[in-house]
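Contents: one structure, followed by commentary.
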Amino acid sequence: MAFGSASTVPASTVPGSTVSASTVSASAVPASGVLASTVSASAGRAQPALPGRMAGRRALITGGGGGIGLACARRLLAEGAEAVLLDRRADALSAADGIGAAPVACDIRDPGAVAAAVTRATGLLNGPADVLVNAAGVYRIAPLLDLTPEEWDDVQAINLRGTFLAGQAMAAALIAAGRPGAIVNISSTAGLVADASEPSAHYNASKAGVLALTRQMAAEWAPYGIRANAVCPGVIDTPMLRLMDDPAAGAAYLRTGVPQGRLGSADEVAAAVAFLASDDASYLTGAAVPVDGGVTAI
Ligand SMILES: NC(=O)c1ccc[n+]([C@@H]2O[C@H](COP(=O)([O-])OP(=O)(O)OC[C@H]3O[C@@H](n4cnc5c(N)ncnc54)[C@H](O)[C@@H]3O)[C@@H](O)[C@H]2O)c1
Numbered sequence: 048m049a050f051g052s053a054s055t056v057p058a059s060t061v062p063g064s065t066v067s068a069s070t071v072s073a074s075a076v077p078a079s080g081v082l083a084s085t086v087s088a089s090a091g092r093a094q095p096a097l098p099g100r101m102a103g104r105r106a107l108i109t110g111g112g113g114g115i116g117l118a119c120a121r122r123l124l125a126e127g128a129e130a131v132l133l134d135r136r137a138d139a140l141s142a143a144d145g146i147g148a149a150p151v152a153c154d155i156r157d158p159g160a161v162a163a164a165v166t167r168a169t170g171l172l173n174g175p176a177d178v179l180v181n182a183a184g185v186y187r188i189a190p191l192l193d194l195t196p197e198e199w200d201d202v203q204a205i206n207l208r209g210t211f212l213a214g215q216a217m218a219a220a221l222i223a224a225g226r227p228g229a230i231v232n233i234s235s236t237a238g239l240v241a242d243a244s245e246p247s248a249h250y251n252a253s254k255a256g257v258l259a260l261t262r263q264m265a266a267e268w269a270p271y272g273i274r275a276n277a278v279c280p281g282v283i284d285t286p287m288l289r290l291m292d293d294p295a296a297g298a299a300y301l302r303t304g305v306p307q308g309r310l311g312s313a314d315e316v317a318a319a320v321a322f323l324a325s326d327d328a329s330y331l332t333g334a335a336v337p338v339d340g341g342v343t344a345i
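Sequential numbering from 48 applies to the sequence shown in my numbering.
Next up, the structure:
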């Protein structure tokens, strides 16, 4: 996968039970600056939004206060959708205010909280969300031999069970209302390939699980007009990124491991998500789309 590498992130800094999302984010290189210093000025820009493509659509974005979730919200709003951002972080609520979305605080691990949040979103959107982007997630690093069952379970609970809970609640509401919809789950290239130098088995397993879950959502809910697809981002310039913690090692990885030779931007992931959520992808379901600059092609 390569958000970081064994050489850039010493295992000793990541005891299985103590690394939290906030710890990872706080130590990560901020989004601004990384991209500019590693790519040409024109790289990393997604094509402009297609105004009106999502008109009348109601979007719920989990992890909406994060790098990719917020970019997805901006893109869907720019294309005409209404949006509710779900996140457990307080600052996600202010991000929602700034882009014209409605905030709903929720810990995606908690089934009762997710059910309540989806109900709340239905009220805010004046109807059940017909677009769900599951972007809530954490990235934690721990070698398998140090990984505790508690840490394993917590990553599955956020990345995989949270995706299941939000998807189930959204689909149930849509099916009850007799309406079609689209789900886009944010998996990862870590769900497609292993990386011997990257000690993050719990993360990788959760993201592979998201792909299996996506296929099952597609199969079970196609009769109701609900499509489900996944995107598999590679190294994307968000607060989650660890690759550039060691700039020299990060640059070397970009040269040798990424055919396009640069980080991706959250906007580039959002462009793929908006396509999959839109009717432009009307015959596309159960797919896993890498947005990775070619990482999984080599
Ligand atoms: N950045 C990358 O390089 C990259 C690559 C592949 C996949 N991804 C995936 O993309 C998704 C978005 O990641 P990002 O890069 O925007 O990271 P991010 O850290 O900026 O955003 C993740 C968001 O999820 C929220 N979240 C975490 N735990 C939660 C919980 N229990 N309940 C509710 N919300 C919770 C966080 O508060 C945060 O706003 C994640 O699923 C991540 O695994 C990211």
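Heads up, the beta-carbon is just placed ideally off N, CA and C, and yes, glycines get one too.
Predicted model only: the values in this text are computed from it and were never measured.
| Is it true that the CB of residue 323 sits closer than 8 Å to the CB of residue 257? | no
| request: With DSSP as the reference, label residue 234 as helix, strand or coil. | output: coil
| task | Could you say which of 265, 244 and 174 lies nearest to residue 225 if we only look at CA atoms? | result | 174
| request: Mind checking who residue 279 pairs with in its DSSP beta bridge? | output: 337
| Whole-angstrom C-beta distance between residue 335 and residue 247, which should lie under 8 Å | Not a contact, Cβ separation roughly 19 Å.
| In this structure, does DSSP put residue 138 in helix, strand or coil? | helix
| query | Terminal residues of the continuous beta strand (DSSP E) containing residue 108? | reply | 105 to 109
| query | Is the stretch 151 to 166 touching the stretch 119 to 127, taking contact as three or more C-beta pairs under 8 Å? | reply | no
| field | Whole alpha helix (DSSP H) elements within the stretch 133 to 180, 4-residue minimum | value | 137 to 146 and 158 to 171
| query | How should residue 103 be labelled, buried or exposed, when 16 other C-beta atoms within 10 angstroms of its C-beta is the threshold for buried? | reply | exposed
| What are the start and end residues of the alpha helix (DSSP H) that includes residue 222? | 209 to 224
| query | By Cβ distance below 7 Å, which residues in the same chain neighbour residue 87 in space, the five residues on each side in sequence not counted? | reply | Residue confidence for residue 87 is low, a pLDDT of 38 falling below 50, so the modelled location carries little weight; the figure read from the coordinates is stated next. Taken in chain order, the list of residues that qualify is empty.
| task | Measure the C-alpha to C-alpha separation of residue 264 and residue 172 and round it to an integer number of angstroms. | result | 23 Å
| task | Could you round the C-beta distance between residue 133 and residue 148 to whole angstroms and report it? I think they count as a contact, below 8 Å. | result | Not quite, the Cβ-Cβ distance comes to about 10 Å (not below 8 Å), so this is no contact.
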